[in-house]
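With our numbering applied, the sequence shown corresponds to residues 44 to 461, in that order.
Structure, as structure tokens:
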Amino acid sequence: MSEPLTSSITVPGPATSATAIVGSRATGTEPHVAENYSPLPVTIARGEGVWVADAEGKRYLDLLAAYSAVNFGHRHPALVAAVEEQLGRITLTSRAFRSDMLEPFAAALARLCGKDLVLPMNTGAEAVETGIKVARAWGYRVKGVAPEAARIVVAAGNFHGRTTTIVGFSDDPVAREGFGPFAPGFDVVPYGDAEALVAAITDETVAVLIEPIQGEAGVIIPPEDYLRRIREVCTERNVLFIADEIQSGLGRVGETFACDREGVVPDLYLLGKALGGGILPVSAVVGDRDVLGVIRPGEHGSTFGGNPLAAAVGLRVVEMLESGEFQERAAALGEHLRSGLEAFLGHGVTEVRVAGLWAGVDIDPAIGTGREIAERLMERGVLVKDTHGQTVRIAPPIVIRTTELDWALEQLRFVLDA
Ligand SMILES: *Cc1c(COP(=O)(O)O)cnc(C)c1O
């Protein structure tokens, strides 16, 4: 394995005397924070590369990487430098004026995607909402679907964000119950079943919106040829293929996009998370002019979308991906991760699914729940996130070293054996 991409991954040291540990910072509780999450009982104060530390200086290896938003590690020097330089110039102009950073960012991102145009937003959910608006507008103005009749095919088990439209087509009761009424126009089909998807397409269908790998569902990898079949039917039936690559894209799976695994190019890429380098929320919809060009001035926007600071970090992220070294590294380390995890099959682990440096590990209920495993790993200095009860998700920053990955696997072995 080659040397890590960051020249030196230093480990956060103990808290200095300047770090006052008072009140809730010492106890780690958050009495004033709304309880829309149930975080592990660790309070992170610092981070560098793959490591984070609490205020007392206890170190943890971060194998979640903020759901792949921190693909390049915490505070990657090249990304911090891009942000610091931009902070000294201009941070926000609004789109009422041009900024000198947006076109270079858009040009670089469009080139990375092999597309014409970029529509910048901030969060992933906004990129998904934008994709839905673009698809409907394209359906009415280009495809000729009757007004208000457009339909979008989505997959069961999907996760596309938390807005009311998006949770309306989720099948996760926790995400949707109590938040209706929801927007109509979505048809849900089983994930990974190409023929069910084909059967759901009608003349009113304007788009298929799919995660090429379902992250939140537990790193669910569809059967081979699934994406190719979607591409094929979308072309045949004049339907847009929208790939939500917000979590799967930008190096995680050992390719730039998860769609690359099947050599497939969607009509629209939805990007977010790692696009902001773990520093800022930066998202985008990327597509060709004949699709994304349907949006006219004034029809869509965002006060912060495409702001100069976001564009500066997004541009640097794209530049880092252009060489392919992160993608190669994720692929190589991913094979290492796969063999390490497969050794646990039958020893507390019932199934593993691995794509690049991204894994879903199903824990044998006899050993404990995913959450319990995450808590025991935390005590041993490894941070992971459980999902859907029995699954533990592993997605380290791509800058992780083989020795660090091995150390994390050792901790998992200990926890599974205990
Ligand atoms: C995280 C995620 C989103 C939503 O992104 P936010 O920035 O949290 O709004 C959408 N789609 C996928 C696949 C994601 O993983």
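Cβ coordinates follow ideal geometry from the N, Cα and C atoms, glycine included.
Scanning Ser326, Gly413, Leu152, Pro340 for the CA closest to the CA of valine 361 turns up Leu152.
For arginine 332, the number of other beta carbons within 10 angstroms of its own is below 16, and it is reported as exposed. Taking the C-beta atoms as reference points, asparagine 79 is found no nearer than 7 Å to isoleucine 441.
The beta carbon of threonine 393 lies closer than 7 Å to those of Asp405, Asp407 in the same chain, with the five residues before and after it left out. Distances taken from the Cβ of alanine 108 to the heavy atoms of ligand 1 include none shorter than 6 Å. By the Cβ test, the region 173 to 187 is in contact with the region 280 to 295, since at least three Cβ pairs between them sit closer than 8 Å. Of the candidates Val232, Asp303, Ile322, Val232 places its Cα closest to the Cα of arginine 194. Along the region 236 to 302, the beta strand (DSSP E) occurs as fully enclosed runs of 3 or more residues at 248 to 253, 283 to 287, listed in sequence order.
Relative to valine 427, the option among Gln433, Leu388, Ala417 whose CA is nearest is Ala417.
Relative to the non-hydrogen atoms of ligand 1, the Cβ of aspartate 429 never comes closer than 6 Å to any of them. Around the beta carbon of aspartate 268, a 10 Å sphere encloses fewer than 16 other beta carbons of the protein chains shown; the residue is thus reported as exposed. Within the model, the alpha-carbon separation for isoleucine 410 versus alanine 461 is close to 9 Å. Measuring C-alpha to C-alpha distances from proline 309 to each of Lys101, Arg359, Gly157 identifies Gly157 as the nearest. For phenylalanine 457, the uninterrupted alpha helix (DSSP H) run begins and ends at 445 to 460, by DSSP. In this structure glutamate 288 does not touch glutamine 370 by the C-beta definition: roughly 13 Å separates them, more than the 8 Å allowed.
With a 10 Å radius around the Cβ and a threshold of 16 neighbouring Cβ atoms, glycine 261 comes out buried. Sequence-distant partners of valine 334 (beyond 5 residues in either direction) whose C-beta falls short of 7 Å from its own C-beta, in its chain, are Val177, Trp181, Leu283, Asp310, Leu311.
If only uninterrupted beta strand (DSSP E) runs of at least 3 residues are considered, those enclosed by the region 87 to 153 are 87 to 91, 94 to 97, 102 to 105.
Nearest neighbour of arginine 456 by Cα position, chosen from Leu135, Thr430, Glu385, turns out to be Glu385.
A Cβ-Cβ separation of about 16 Å leaves lysine 316 out of contact with glycine 90 under the 8 Å criterion.
Put simply, the backbone Cα of glycine 320 is about 12 Å away from that of glycine 294.
For glycine 167, the secondary structure class from DSSP, reduced to helix, strand or coil, is helix.
Glycine 92 is a Cβ neighbour of glycine 116, given a cutoff of 7 Å.
Judged by their CB atoms, valine 328 and alanine 170 are nearer to each other than the 7 Å cut-off. In this structure, the straight-line span from the alpha carbon of cysteine 277 to that of valine 251 is close to 8 Å. By the neighbour-count definition (other C-beta atoms within 10 Å, threshold 16), phenylalanine 140 is an exposed residue. For the pair alanine 121 and arginine 359, the CB atoms are nearer than the 7 Å cut-off.
Judged by beta-carbon spacing, leucine 420 lies beyond the 7 Å limit of glycine 357, meaning their Cβ atoms are not closer than that value. Isoleucine 441 sits in coil when the DSSP states are folded into three classes, being neither helix nor strand. Of the candidates Thr207, Val425, Arg154, Val425 places its Cα closest to the Cα of leucine 83. Going by DSSP, leucine 313 is part of no alpha helix (DSSP H) but of the beta strand (DSSP E) stretching over 311 to 314. Using a 10 angstroms sphere on the CB of glutamate 146, the tally of other CB atoms stays under 16, which defines it as exposed. In this structure, the C-beta of aspartate 215 stays at least 6 Å away from each heavy atom of ligand 1.
Along the length of the region 301 to 379, whole beta strand (DSSP E) runs at least 3 residues long occupy 311 to 314, 326 to 330, reported in chain order. In the structure shown, arginine 419 falls within a helical segment according to DSSP collapsed to helix, strand and coil. When DSSP states are grouped into helix, strand and coil, threonine 430 belongs to the strand group.
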